[in-house]
Amino acid sequence: MSSLWTPGGEHRVDPHGDPEGRAAPAAPTAAPSADAPPESDAPAEISDEEAAVRAELDEVRRQLAQVPAEVVVANHAMGLYELAAIHLSAEPPNAEAAKLAIDAMGALVDGLTGRLGEPENTLRDALAQLRLAFVQVTSERA
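Numbering of the sequence shown is given in our numbering, commencing with residue 50 and proceeding in unit increments.
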């Protein structure tokens with residue numbers, strides 16, 4: 050079984066996925082120190098607000114699980130496109146930040162060739178436009 054580190058501790062991750070989308074109980078990471086206060090076995094009470102937030106998060110996760118992964122990845126790639134465009138159009142342009150976003154988008158698009166479905170050609174065109182714009186903007190500033 051795999052685990053995922055979070056600021057709240059180590060959590061077991063079921064590779065087959067929990068149908069409810071919840072993480073498995075936290076795996077113990079270290080024995081408590083002798084001077085640590087004893088932990089209660091009673092479940093922690095949660096407020097109505099926290100329960101509502103958890104329910105909303107569960108619903109969002111359920112909806113996201115229904116979206117094909119290639120659509121989600123394409124949306125993230127377009128977010129990188131927008132980030133690069135923002136940095137290229139800034140006055141003065143932030144070439145380093147734009148380059149990072151362009152390289153990240155390239156890693157996704159080039160690294161996932163043939164796996165991005167219908168949006169792949171659009172993403173390739175967008176990446177080519179960004180690369181061209183980067184060259185133009187940085188050569189004007191040189």
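All C-beta atoms, glycine included, are put in the ideal place defined by N, C-alpha and C.
**Study point:** Cβ separation of LEU179 and MET154, assumed to be a contact under 8 Å, to the nearest whole Å
**Key:** Within the sequence shown, numbered from 1, the residue matching residue 179 stands at position 130. Within the sequence shown, numbered from 1, the residue matching residue 154 stands at position 105. Right, their Cβ atoms sit about 7 Å apart.
Review point. Would you say VAL121 touches the ligand ZN, meaning its beta carbon is less than 7 Å from a heavy atom?
Key: Ligands are entirely absent from the displayed structure, and the ligand ZN is therefore not among its contents.
Point to revise | Cβ-based burial, LEU176 [other Cβ within 10 Å; buried from 16] | key: Within the sequence shown, residue 176 is the residue found at index 127, counting from 1. Per the 10 Å Cβ criterion, buried.
Check your understanding: In this structure, does DSSP put GLY193 in helix, strand or coil?
Key -> No answer is possible for residue 193: it lies beyond the span of the chain, which begins at 50 and ends at 191.
Exercise for review: Could you say which of GLN112, GLU105, LEU149, ALA118 lies nearest to GLU131 if we only look at CA atoms?
Suggested key: Taking the first residue of the sequence shown as 1, we reach residue 131 at position 82. Taking only the C-alpha atoms, the option nearest GLU131 is LEU149.
Check your understanding: Considering only the beta carbon of each residue, do PHE183 and ALA147 sit closer than 8 Å?
Key -> Residue 183 sits at position 134 when you count from the first residue of the sequence shown. Residue 147 sits at position 98 when you count from the first residue of the sequence shown. In this structure, ALA147 lies closer than 8 Å to PHE183 by Cβ.
Check your understanding: From GLU189 to PRO141, what does the alpha carbon distance come to, in whole angstroms?
Key -> To locate residue 189, count along the sequence shown from 1; it is residue 140. To locate residue 141, count along the sequence shown from 1; it is residue 92. Distance between the alpha carbons of GLU189 and PRO141 is about 11 Å.
Review point. What first and last residue would you give for the alpha helix (DSSP H) that runs through LEU165?
Key: Residue 165 sits at position 116 when you count from the first residue of the sequence shown. From DSSP, LEU165 is part of no alpha helix (DSSP H); its letter is neither H nor E.
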